[in-house]
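Residue numbers (the numbering used here): 27 to 231. Where is the CB? At the ideal position from N, CA and C, for every residue including glycine. Below is one structure, written out as structure tokens; comments come after it.
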């Protein structure tokens with residue numbers, strides 16, 4: 027296993043079992059902007075964000091996978107994906123990582139990535155699933171609910187359009203399904219989360 031030390035070491039390591047809010051990457055403003063390689067955490071005691079470390083990237087489309095160990099303050103290079111991609115989404119389900127959607131470049135053209143890959147951390151191996159995504163989506167919202175992975179919105183390069191539909195993938199069945207009904211407007215880059223509502227809150231509210 028190849029180990030890559032962070033570009034910046036702070037002499038601070040996370041050595042507690044306390045849950046922590048992490049902020050990874052993002053796209054800063056500016057005409058020549060590149061994705062941020064910062065990993066930040068929120069210090070609840072001092073009520074401020076602090077830089078934990080920096081990631082590893084060079085602004086190109088890559089198939090890389092890195093795993094960060096906050097205790098040892100080390101990045102470890104893992105098995106590459108089979109496909110270079112960016113603006114995709116990663117979902118965690120049943121101790122597996124699912125890389126879905128995104129795009130890559132061919133010449134000067136952006137192409138949708140249709141292949142869905144699944145990563146097994148125990149075997150350090152990516153596998154291409156037999157069922158590709160229903161349609162290209164870059165920057166969709168993503169959340170796991172029950173036994174399925176949901177993608178909301180996103181941008182299709184082949185259609186040249188933002189999406190307002192929702193599709194879901196069931197790993198157990200290996201099938202994609204499109205939900206009835208669209209969100210209020212087509213969009214890319216939304217954030218999705220799964221929440222448990224109290225029993226007193228009506229679902230149709």
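| Asked | Found |
| --- | --- |
| Through-space distance from residue 136 to residue 129, alpha-carbon basis | 6 Å |
| When 117, 106 and 57 are compared against residue 197, the one with the closest alpha-carbon | 117 |
| Terminal residues of the beta strand (DSSP E) in which residue 119 lies | 115 to 119 |
| CB contact flag (residue 3, residue 168, <9 Å) | Given a span of 27 to 231 for the chain in the structure shown, any question on residue 3 remains unanswerable. |
| C-alpha gap between residue 63 and residue 199, whole angstroms | 36 Å |
| Chain-order list of residues whose beta-carbon lies under 7 Å from that of residue 178 (same chain, five-residue window excluded) | 166, 167, 192, 209, 216 and 218 |
| Contiguous beta strand (DSSP E) assignments of at least 3 residues, all confined to the segment 121 to 173 | 122 to 126, 129 to 132, 135 to 138, 143 to 146, 151 to 154 and 167 to 171 |
| Pairwise C-alpha distance: residue 66 and residue 44 | 16 Å |
| Where the beta strand (DSSP E) through residue 195 begins and ends | 192 to 196 |
| Start-to-end residues for the beta strand (DSSP E) that takes in residue 100 | 100 to 103 |
| Where residue 204 falls: helix, strand or coil (DSSP) | strand |
| Rounded straight-line distance, which links the Cα of residue 69 to that of residue 132 | 42 Å |
| Nearest neighbour of residue 86, chosen from 213, 111 and 104 [CA to CA] | 111 |
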